[in-house]
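S.K.:
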Amino acid sequence: MRFLPALTRAAAVGVTAVLAATALTACGADGDTADNPYNLLQPGVLRAGTLTDAPPNVYLKDGEFTGFDNDLLVAAADKLGLRVEFVGTDFSGLLAQVNNRKFDVGSSSITITEARKKTVDFGNGYDFGYFGLDVPAGSTLASFDELSGKRVVVVQGTVQDDYATGRGLDPVRVPDYNGAINQLKAGTADAWIAPAEIGEKTAADSGGRIKVAAKELSPAPTAYAVAKGNDPLREALNRALDEVIADGTWTRLQEQYYPGRPIPADFTPGSGDVSAPAAS
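The sequence shown begins at 49 in the numbering used here and counts up one residue at a time.
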C-alpha cells in the first residue's frame, strides 16, 4: 500500500508527458503555431505535388522541376519566405493527395471545375488554356467534331478526360502524358486530346511523327490546389500571386514559356485587383 502514492505520482507524470507530446504533435499536424502560419507539413517548406512530363507547364529538366506553373509557384512562395519542395506524381492521384495532406499544394495547370471543388480548394486563377488535338502524322482528322468512332486517348482525371466523356467518346485513359504520346507514336490511338501547349511542344519534339490538328479555348482558368479548409495557405498564395503579377514576373514567365501566345481579352490573372505589365 505504501507504493500507491508513488505509483500514482508516476502515473500522473506519465499522463502529463503523454498529453504534452500529444499537444505538440497536434500543433505540428495542424500547423497552428507561430512558426507555421500556413498549416504546412513542414514549417517554412511548401511541399508541392507536380508532374514530370508535361512541358512547358510542369516538367523535369536536368533533374530540376520547372515549367511555367512551377516557376510561378516558386516566385510566389519566395514572397512568403517559403522554400518549395517539388515531388513528382500522376495527375490522376494529385488532388486526393493534396487533400489527404501528402502535399501542401498541387501545381499542374489544374483547371478549376465544380467537381474538383468537392475534393480541394482552389486559389485564384493564374493561367488560361486551350484543348489541343494531337494526331499521328498523315492523319486526316482536322477538328474535334470528327472524333466520333475514333480511338481517342486522354490522361485520366484531366479536364480533357471530362471533355471527351462529355462528348460521348469513351476515351482510352492513360496515367500520364508519356503514355498518351506513346499511343500516338505506336499508332494505337487516332488522336490525343491534350492541353494545347503541351500538345504543341510534343508535336514539335516528335520529329514529324505527331502534329496538332486543332485547338479550342478551355472554359475555365487554372489554379493551385490546396487541402479543403486550409484557408491560411490559400489566402497567402493569392496575395503572393498578386505580387508576382504586379512586379512583372507573371508576364516574364508567359513570354518565356508561351512566346507569341495571345491572352484572351476576358482573362485576368489573380484577384483582378492588380494589373500585369504589358509584354515587352
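For every residue, glycine included, the Cβ atom is placed at its ideal position computed from N, Cα and C.
(1) Classify residue 96: buried if its beta carbon has 16 or more other beta carbons within 10 angstroms, exposed otherwise.
(2) With a CB to CB cut of under 7 Å and the five nearest residues on each side skipped, what residues in its chain are close to residue 143?
(3) Among the residues of its own chain, which have a CB less than 7 Å from the CB of residue 190, if the five just before and after it don't count?
(4) Using the Cα positions of residue 318 and residue 328, report the straight-line distance between them to the nearest angstrom.
(5) Kindly list the residues whose CB is nearer than 8 Å to the CB of residue 233, restricted to its own chain and excluding five residues on each side of it in sequence; keep chain order.
(6) Could you check whether residue 223 and residue 113 sit closer than 9 Å to each other, using their CB atoms as the reference points?
(7) Quick one: residues in its chain with C-beta nearer than 6 Å to the C-beta of residue 131, no 5 flanking neighbours on either side, listed in chain order?
(8) Within its chain, find whatever has a CB closer than 8 Å to the CB of residue 286; leave out the 5 residues flanking it on each side and keep chain order.
(9) Taking the DSSP output, what are the residues bridged to residue 184?
(10) Residue 75: buried (16+ other C-beta within 10 angstroms of its C-beta) or exposed?
(11) On a Cα-Cα basis, can you pick out the residue from 310, 243, 238 that is closest to residue 101?
(12) I'd like to check one pair, residue 179 with residue 241: are the Cβ atoms closer than 9 Å?
(13) Should residue 209 go down as buried or exposed, given a rule of 16 or more other Cβ atoms within 10 Å for buried?
(14) Check each candidate in 311, 305, 315 and name the one with the smallest Cα separation from residue 248.
(15) Between 135, 151, 316, 147, which has its C-alpha nearest residue 277's C-alpha?
(16) Taking only the alpha-carbon atoms, compute the straight-line gap between residue 198 and residue 214 and give it to the nearest angstrom.
(17) For the beta strand (DSSP E) that contains residue 216, what are its first and last residues?
(18) Tell me which residues share the same chain as residue 122 and place their Cβ nearer than 8 Å to its Cβ, disregarding the 5 neighbours each side in the sequence.
(19) So who's on the other strand from residue 243, going by DSSP bridges?
(20) Going by beta carbon distance, what residues of the same chain come within less than 6 Å of residue 315, once the five residues before and after it are set aside?
(21) Label residue 83 either buried or exposed according to how many other C-beta atoms from any shown protein chain fall within 10 Å of its C-beta, with 16 as the threshold for buried.
(22) Considering only the alpha carbon of each residue, which of 127, 103, 90, 91 lies closest to residue 295?
(23) Could you check which residue in 103, 282, 325 has the C-alpha nearest to that of residue 88?
(24) What are the partner residues of residue 133, as DSSP defines its beta bridges?
(25) Nearest-angstrom Cα distance between residue 250 and residue 239?
(26) Would you mind reading off the limits of the alpha helix (DSSP H) that contains residue 303?
(27) Report the three-state DSSP secondary structure of residue 159 (helix, strand or coil).
(28) How long is the line joining the alpha carbons of residue 332 and residue 297, rounded to whole angstroms?
M.R.: In this structure, then:
(1) buried
(2) 154, 164, 167, 168, 273
(3) 261, 262
(4) 20 Å
(5) 184, 254, 257, 258
(6) no
(7) 93
(8) 171, 172, 318, 319
(9) 258
(10) Low confidence applies to residue 75: its pLDDT is 40, below 50, so where it sits in the model is not reliable enough to give any reading.
(11) 243
(12) yes
(13) buried
(14) 305
(15) 147
(16) 15 Å
(17) Where residue 216 is concerned, there is no enclosing beta strand (DSSP E), given that its DSSP letter is neither H nor E.
(18) 132
(19) 179
(20) 176
(21) exposed
(22) 127
(23) 282
(24) 95
(25) 13 Å
(26) 297-305
(27) strand
(28) Past the boundaries of the shown model lies residue 332; the chain is included only from 49 to 328, so the question cannot be answered.
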